[in-house]
Structure formats: structure tokens, C-alpha cells
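Here's the structure, in C-alpha cells; my notes come after.
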Amino acid sequence: MPSKAHGWGVENAEDTIHALQFERRDPRANDVTVEISHCGICHSDLHFAHNDWGMSHYPMVPGHEIVGTVTAVGPDVQNFKVGDRVGVGCMVDSCQKCEFCKGNQEQFCVEGATFTYGVPDRHGELTQGGYSDHVLVREEFVCKIPDGMEMSKAAPLLCAGITTYSPLKRWGVKPGTKVAVAGLGGLGHMAVKIAAAMGGEVTVLTTSPEKAEAAKKVGASHVLVSTDEAAMGAATASFDLIVDTIPVTHPIDPYAALLRPNGTLVIVGALEPLPGVSGFNLIFGNRAVAGSAIGGVAETQEMLDFCAEHGIEPEIELIKGEQIPDAWETLTKGDIPHRFVIDVENSARG
Ligand code: NAP
Ligand code: ZN
Ligand code: ZN
1 MPSKAHGWGV ENAEDTIHAL QFERRDPRAN DVTVEISHCG ICHSDLHFAH
51 NDWGMSHYPM VPGHEIVGTV TAVGPDVQNF KVGDRVGVGC MVDSCQKCEF
101 CKGNQEQFCV EGATFTYGVP DRHGELTQGG YSDHVLVREE FVCKIPDGME
151 MSKAAPLLCA GITTYSPLKR WGVKPGTKVA VAGLGGLGHM AVKIAAAMGG
201 EVTVLTTSPE KAEAAKKVGA SHVLVSTDEA AMGAATASFD LIVDTIPVTH
251 PIDPYAALLR PNGTLVIVGA LEPLPGVSGF NLIFGNRAVA GSAIGGVAET
301 QEMLDFCAEH GIEPEIELIK GEQIPDAWET LTKGDIPHRF VIDVENSARG
């Protein structure tokens, strides 16, 4: 039987987010049903809702930083039981057979991974995300929230955490690595915390001088204001790795120039064309510009356990459902150095 769900969503790309009711699909044998307690607000939710990437379907209930408690499991579910504390990130399905699924990179499934919301799933039904009271997800895409981790603080790890952990790990951050993080928002502040926990010496590259204090508080040793040309010039060839979380297109060269020889600039924020890459700057220094998309499910679990072990928690601002439109407005301006998290369990039902 389909179930009635209450959430917050949009009917089209121009709509303002509002409370709405919708139907969740029939449970399947391998489904875990999760009563959602909290959901983080990722900048991607705005991109998707506004159809910035041309792949959105409506009506859309966003949200892919989902945590909650298991309330039911299908007969084929092996690893979860009622009462478990769990999390769901950006994906809810994939083929499970291709080389990338088998290699724990479901995000690159050759048949296409199914995103948590805003797309038709592998059965043709529209997926709907975590700005809502419950969700059904096949068990391979469900993670366990480590004991002792606060649910509200676990939520942002499901996207902001894994999206920054994955490149920091892949590019081998270790004690002494000079890491820079461009953009101190939801992803950026997690990148600082995780890189610092890996032993990196972290610099925040920000357009907002007033975020300097917040940058230091989350573990940055240095802050560089990216609009200060003299300071940027003085920082030429300073970093082994730059994680670039800026959500819109921007020139690449000013950031690539900050790399030491053999360094890498990893783009995780902007999907648009990125202008101004100088071949000269890349060649003379063996510098690389790379990208990184979220992380697989096993790596997401590894990241959750890493954060629990190192006491890493996101900085959050808990909001009620009716505050989502204001939070989106604030995110559009890039104003906050932390994550908004919707207190779903204590919000009035739409
Ligand atoms: P966010 O909280 O809004 O933070 C983005 C930060 O970038 C802002 O706080 C701001 O920091 C800076 N910024 C904003 N506008 C800028 C501009 N015009 N020029 C330069 N800097 C600007 O966003 P988020 O949730 O961290 O997401 C960041 C991006 O990552 C989004 O585009 C999102 O869609 C994407 N994303 C990608 C993946 C992936 O798999 N690769 C996963 C999740 C999210 P300062 O004030 O410090 O400059
Ligand atoms: Zn996200
Ligand atoms: Zn696959």
C-alpha cells in the first residue's frame, strides 16, 4: 500500500518551497522504512528545485541529508531492524552489478544511479527526499549512524561530509599536507574539520572576510580573502590540495595558481563551465584540475565512523519546516558558514 507523506517541496522551477502532502510508493521486499527525524539543507537542493542542472522532475520534495529511525523492514532486508538509527544520502538505488557498483562507487553506475529526489526511479516512480516525515529506501543505500552521534549533527554528514571526505582521502591528506578550502559554507566547513582531523594544515579561501573567526573556530590555521589580489598573489604555489566548494561558475586560474608543484584543485561545487584554465600554469608545475562527486555507500559509512572516532560534528542551525524558505534565501546569498538542519520530528506537519 502507498503511504501518505507530509513534507515541503516545490511544484515547478519557479515555485517557493511550501508544505505539501504526497504519496510514498508501495514498500518493496528490500525496503527499509525510515521515520525521518532531521534533514540537512544542501545547496544542491536549491539547484535541483530551480532546475539549474536540467534534470529535475516535479512536484519535488528535496533533501538528501536524511537521518531517522527504522520503523519497518521488508522480508528480504538483512542488515537493519526496527529501531535502528540510520542515514540516507544522495542515492537510493543503482544496478548493483556493474564495475562501479561492485567497486563501491555507485554514483558512477553505468545504468545511472537513482538520486534521492527529483528523478524517476528504476521502476519509473518519482523519488522524493527527506524534507518529509518518512522515506522508503532499499537497504544497500542505508547507513548506520554510529552510537552516541547526535542525529541532528549526523544529518549533514550524509552529503556535505562524504562529498568532502572522499576527495580529502583520495588525494591522501596526511600530517603536513597543505590544504585549502574555497567557500566556507556547508561543504566547506566540513572539509576544514575533516582535513584538520587527517592532519592537514588548512587555509580557508573565502569571499567573506567576516567569516575569518568562524573559519578558525572549525579548525583552519589561516584565512585568505580571495578578493584580495595582493594576498592571493603572495600565496602563489602554497597548497598541495584545494577543495573548491564554490556553488557557481568562477575563474579557475586564480585558484590553480595557488597550487604547489604536483598539487590538485578539486572542483566539487560548480557544475557549469569553468572559464580561464591556463595550460601554462598546469604544465609548469604538473598541476591538475579534477572533480569529485559525493562518495559511494561504503565510503559514506566509513566517513560516519571516521567522524564518530574523531569527534567531528558539523556546525548546525536547527530550523523548523516553516523556516525553510528563509534558509534557502540565506543560502542563495552564501551567508552562512555552517549547515541548516530541519528538525523534522518537531515541525508542524504540512
Ligand atoms: P553553501 O553552504 O551555500 O556554501 C557555498 C559557499 O561558497 C558560500 O558559503 C560562500 O563561501 C561561497 N560562495 C557562494 N557564492 C559564491 C560566489 N559567487 N563566488 C565565490 N564564492 C561563493 O553551499 P554547499 O551546500 O556547501 O554546496 C556547495 C556546492 O557544492 C553547491 O553547488 C552544491 O550543489 C555542490 N555540491 C556538490 C556535491 C558533489 O557531489 N560534488 C555534493 C554536494 C553539494 P564564502 O563566503 O566563504 O566565500
Ligand atoms: Zn548535497
Ligand atoms: Zn551499476
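Going by UniProt numbering, the residue at position 140 of the sequence shown is 140; the numbering climbs one at a time, nothing skipped. Cβ atoms here follow ideal geometry from the backbone N, Cα and C, with glycine treated the same way.
Quick check on the DSSP output: the alpha helix (DSSP H) that includes residue i runs from which residue to which?
| i | result |
| --- | --- |
| V192 | 186 to 197 |
| P254 | 253 to 256 |
| F306 | 297 to 310 |
| C101 | 99 to 102 |
| G233 | 229 to 234 |
| D45 | 43 to 49 |
| E213 | 212 to 217 |
Considering only their Cβ atoms, is the gap separating residue j from residue i smaller than 8 Å?
| i | j | result |
| --- | --- | --- |
| P2 | D26 | yes |
| H38 | S132 | no |
| E111 | C90 | no |
| G321 | W8 | yes |
| P167 | P314 | no |
| V179 | L259 | no |
| K193 | I312 | yes |
| N30 | D76 | yes |
| L265 | V297 | no |
| G87 | C143 | yes |
| E229 | T249 | no |
| K81 | V92 | no |
| I252 | G276 | yes |
| residue 355 | T33 | Only positions 1 to 350 of the chain appear in the structure, and residue 355 is not among them; the question remains open. |
| I324 | I17 | yes |
| L136 | W328 | no |
| P209 | M232 | no |
| G227 | A257 | Note on identity: in this sequence residue 227 is Thr, with Gly being the wrong assignment. For T227 and A257, no; Cβs fall outside 8 Å. |
| V202 | A195 | yes |
Looking at the secondary structure, which residues open and close the beta strand (DSSP E) in which residue i lies?
| i | result |
| --- | --- |
| Q21 | 18 to 24 |
| L282 | Per DSSP, L282 belongs to no beta strand (DSSP E); it is in the alpha helix (DSSP H), 279 to 283. |
| P261 | 259 to 267 |
| D121 | It is not in any beta strand (DSSP E) - D121 carries neither H nor E in the DSSP assignment. |
| E201 | 201 to 206 |
| W328 | Where W328 is concerned, there is no enclosing beta strand (DSSP E), although the alpha helix (DSSP H) it sits in stretches over 324 to 332. |
| F108 | Premise fails: F108 is in no beta strand (DSSP E) and is neither H nor E. |
| K4 | 3 to 9 |
| E35 | 31 to 40 |
| A182 | 178 to 182 |
| L136 | 134 to 138 |
| I246 | Looking at the DSSP string, I246 is not in any beta strand (DSSP E), and its letter there is neither H nor E. |
| A290 | 288 to 291 |
| H222 | 222 to 225 |
| L318 | 316 to 319 |
| V343 | The sequence shown places Asp at residue 343, rather than the Val named in the question. Unbroken run through D343: none, as it is neither H nor E. |
| T71 | 66 to 73 |
| D93 | 91 to 93 |
| G87 | 85 to 88 |
Report, in whole angstroms, the separation of the C-beta atoms of residue i and residue j, which I expect to be a contact under 8 Å.
| i | j | result |
| --- | --- | --- |
| N79 | E35 | At roughly 18 Å, the Cβ-Cβ gap does not stay under 8 Å, so N79 and E35 are not in contact. |
| I162 | I294 | 6 Å |
| P269 | G183 | The sequence shown places Gly at residue 269, rather than the Pro named in the question. Indeed, because the Cβ distance is near 6 Å, the residues count as touching under 8 Å. |
| E309 | L158 | Not really, about 17 Å apart at Cβ, beyond 8 Å. |
| S152 | V10 | Incorrect: roughly 24 Å between the Cβ atoms, too far for contact. |
| G176 | G199 | 7 Å |
| F22 | Q128 | 6 Å |
| H57 | G118 | 6 Å |
| A215 | V223 | 5 Å |
Quick one: is the Cβ of residue i within less than 7 Å of any heavy atom of ligand 4?
| i | result |
| --- | --- |
| C307 | Of the ligands this structure carries, namely ligand 1, ligand 2 and ligand 3, none is ligand 4. |
Residues with C-beta closer than 5 Å to any heavy atom of ligand 2, in chain order: For ligand 2, residues qualifying as neighbours are C42, S44, C159, where qualification means a beta carbon closer than 5 Å to at least one of its heavy atoms (chain order).
For ligand 3, residues whose Cβ lies under 5 Å from any non-hydrogen atom: S94, C95, C98, C101, C109
Residue ranges of each alpha helix (DSSP H) within the segment 147 to 174, 4 or longer: 151 to 154, 160 to 170
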